[in-house]
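Trainee: Numbering-wise (the UniProt record's numbering), the sequence shown opens with residue 1 and increments by one.
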Amino acid sequence: MRFSLKNNLLIPQKHDSLPISQIAHIPQPQQNLNFAFNRELQQLLTGKQLLLDDLPLPFEEIQTHYEHGYVTYRKGIEFNGKRPICTRCGNKDPHWFASFPCSRCDEICLYCRYCLMMGRISACTPLIGWNGPAPNIGLPPNILEWQGNLSEGQTTASNRVVEVIKQNKELLVWAVCGAGKTEVLFAGVEVALAAGKRVCIATPRTDVVLELTPRLKAAFPKITVASLYGGSEDRHLFAPLTIATTHQLLRFYHAFDAMILDEVDAFPYTVEESLQYAAIQARKPVSSMVYLTATPNQKWQKECRAGKRPFTTIPARFHRHPLPVPQFIWCGNWQKLLQKNKLPANILKWIKQRIESNKQVLIFFPHIPLMEKALPILRQFSPTIEAVHAEDPNRKEKVQKMRAKEIPLLLTTTILERGVTFPNIDVAVVGAEDSIFTESALVQISGRAGRSAAFPDGVVTFFHYGKTDEMLKARRQIVTMNREGIEKGLIDV
Ligand SMILES: [Zn+2]
Ligand SMILES: [Zn+2]
Numbered sequence: 001m002r003f004s005l006k007n008n009l010l011i012p013q014k015h016d017s018l019p020i021s022q023i024a025h026i027p028q029p030q031q032n033l034n035f036a037f038n039r040e041l042q043q044l045l046t047g048k049q050l051l052l053d054d055l056p057l058p059f060e061e062i063q064t065h066y067e068h069g070y071v072t073y074r075k076g077i078e079f080n081g082k083r084p085i086c087t088r089c090g091n092k093d094p095h096w097f098a099s100f101p102c103s104r105c106d107e108i109c110l111y112c113r114y115c116l117m118m119g120r121i122s123a124c125t126p127l128i129g130w131n132g133p134a135p136n137i138g139l140p141p142n143i144l145e146w147q148g149n150l151s152e153g154q155t156t157a158s159n160r161v162v163e164v165i166k167q168n169k170e171l172l173v174w175a176v177c178g179a180g181k182t183e184v185l186f187a188g189v190e191v192a193l194a195a196g197k198r199v200c201i202a203t204p205r206t207d208v209v210l211e212l213t214p215r216l217k218a219a220f221p222k223i224t225v226a227s228l229y230g231g232s233e234d235r236h237l238f239a240p241l242t243i244a245t246t247h248q249l250l251r252f253y254h255a256f257d258a259m260i261l262d263e264v265d266a267f268p269y270t271v272e273e274s275l276q277y278a279a280i281q282a283r284k285p286v287s288s289m290v291y292l293t294a295t296p297n298q299k300w301q302k303e304c305r306a307g308k309r310p311f312t313t314i315p316a317r318f319h320r321h322p323l324p325v326p327q328f329i330w331c332g333n334w335q336k337l338l339q340k341n342k343l344p345a346n347i348l349k350w351i352k353q354r355i356e357s358n359k360q361v362l363i364f365f366p367h368i369p370l371m372e373k374a375l376p377i378l379r380q381f382s383p384t385i386e387a388v389h390a391e392d393p394n395r396k397e398k399v400q401k402m403r404a405k406e407i408p409l410l411l412t413t414t415i416l417e418r419g420v421t422f423p424n425i426d427v428a429v430v431g432a433e434d435s436i437f438t439e440s441a442l443v444q445i446s447g448r449a450g451r452s453a454a455f456p457d458g459v460v461t462f463f464h465y466g467k468t469d470e471m472l473k474a475r476r477q478i479v480t481m482n483r484e485g486i487e488k489g490l491i492d493v
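#1: Go through its chain and collect everything with a Cβ distance to tryptophan 146's Cβ below 7 Å, but skip five positions before and after it.
#2: So serine 21 packs on lysine 75, CB below 8 Å; how close in whole Å?
#3: How long is the line joining the alpha carbons of tyrosine 291 and isoleucine 260, rounded to whole angstroms?
#4: Have a look at the DSSP bridge pairing and note the partners of asparagine 80.
#5: Can you check DSSP and say which residues form a bridge with valine 199?
#6: Per DSSP, what are the beta-bridge partners of tyrosine 291 in this structure?
#7: Do the segment 436-446 and the segment 472-485 touch if we need at least three Cβ pairs shorter than 8 Å?
#8: Report whether the distance from the Cβ of tyrosine 277 to the nearest heavy atom of ligand 2 is below 6 Å.
#9: Rank Tyr70, Asp457, Glu61 and Asn91 by C-alpha distance to the C-alpha of phenylalanine 79 and give the top, closest one.
#10: Could you please go through the chain and list the residues whose beta-carbon is closer than 7 Å to any non-hydrogen atom of ligand 1?
#11: If I measure Cβ to Cβ from asparagine 346 and keep anything under 8 Å in the same chain, skipping five residues before and after, which residues do I get?
#12: Quick check: does the Cβ of asparagine 80 come within less than 6 Å of any heavy atom belonging to ligand 2?
#13: DSSP beta-bridge partners for glutamine 327?
#14: How many Å lie between arginine 401 and leucine 416 at the Cα?
#15: With a cut-off of 8 Å, do at least 3 Cβ pairs link the segment 1-18 to the segment 123-143?
#16: List the residues that DSSP assigns as beta-bridge partners of residue 495.
#17: Any chance the segment 189-207 sits against the segment 242-251, with 3 or more Cβ pairs inside 8 Å?
#18: Taking DSSP as the reference, what is the three-state secondary structure of tryptophan 130?
#19: Find out if the Cβ-Cβ distance for the pair methionine 289, glutamate 406 is shorter than 7 Å.
#20: Looking at arginine 120: is its Cβ nearer than 7 Å to the Cβ of tyrosine 111?
#21: DSSP has phenylalanine 252 in a bridge; who is on the other side?
#22: Under a three-way DSSP split, which group does leucine 338 fall into?
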């Protein structure tokens, strides 16, 4: 859009005007306390940064709210000299910008391709926000209605989370796979809500949002919960508690007093700088940040050890048994054998033993073609063996069948490295030396075994053609956590 400056106000007009990004300073009018603002707009805009197209209201009404000091305009694209920066996603890579003939400013207009899926941000786009009071949130007498108990390890972490949320600080909760990290948040979320704070739980994966939403709704039954992912219906819902994919955070600005980032190490958060930028933008300048993960990256682990990053561990599972420690078995050049439609004898023996004793198995392969070559070979043991990968249209169905014990053995890529629980399985990795199997992936994979209290043990075997550092680091991390769990009295020995 084009604006001109009049009486220290931005006024939209076609002539004698500039696209918003070319206006040096955007004036922010003082709030007119006698102005009767639109409550619907207040709900839509509080803590947000939206495009005109996102708002179901005429522009004239938004402009009136701006003139009375209740709406803010920010430039969709800022320029650092000649270099553009997308205000919404933080993209500054010139390759991710393009130009188009724009009907809103009648110029060739620069836009950000990086966050295009959330609606186009161009050099003439005002990012619209709220500058008035936040909507009132009525609180029920009982906020948290969860009846469960925390384990000793969970209690320690839960107390730390409460303190950090009260004091607007940062904390990493490093909880082993199967420790029960969601429950550790409940007391902190309750304290935040009771203080009138807005809380967000964000995670890179939609699956996790869908899994967390009913659990949080059950724990906080009288609190409005907004559940946000691509295509969700809660997009315009103003809520004290928001559960969102990290992508959805791109629509928020200075919204949350308490931000909780779950699975910070999971794809795509780790690889996409824009999502980290979004998480920071979505926080209020004074706010708390809690990171949750079972597998912090090397940098974070080092910072923890050096005392530079505040953290707390939950080194043991709720059922008080140690984590299964992976065993390493050399299997020679398995890829070469696979080209001849064979698998190493020790792998076949390992699998055969389990099929014969009716123990369910999850086997990880580094790449889809290799896995698909192995499938017909393994079907000699049982015709119901299946393989699954990210693009598999029957992915959910196969995982369901595995849960129902209709499949004795499921071959998979790293897609099932996290987020799935089968009660009683053994786990193997074929080709653990492959670079796709990072320390974090291998810890997560090992974490699939022994999760249920009824079957706390499980065998984890890494078949390899040469040990890697990542394999050693993964095993060391698991052994260290078990030792810590024993020392703290959280594991029964
Ligand atoms: Zn334009
Ligand atoms: Zn962008």
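Don't be surprised by glycine CBs; every beta carbon is placed ideally from N, CA and C.
Mentor: Answer, in terms of the structure:
#1: Phe186 and Ala219
#2: 5 Å
#3: Approximately 6 Å, taken between the alpha carbons.
#4: Arg83
#5: Leu241 and Ala258
#6: Leu172 and Leu261
#7: Touching, yes.
#8: no
#9: Asn91
#10: Pro19, Cys102, Arg104, Cys105, Glu107, Cys109, Ser122, Ala123 and Cys124
#11: Contacts found: Ile329, Cys331 and Phe463.
#12: No.
#13: According to the DSSP secondary-structure assignment, glutamine 327 is paired through a beta bridge with Thr461.
#14: For the sequence presented, residue 401 should be read as lysine rather than arginine. Going from the Cα of lysine 401 to the Cα of leucine 416 covers about 14 Å.
#15: yes
#16: Since the first residue of the chain shown is 1 and the last is 493, residue 495 is not available in this structure.
#17: yes
#18: strand
#19: no
#20: yes
#21: Lys48
#22: In this structure, DSSP gives leucine 338 a helical state, which the three-state scheme calls helix.
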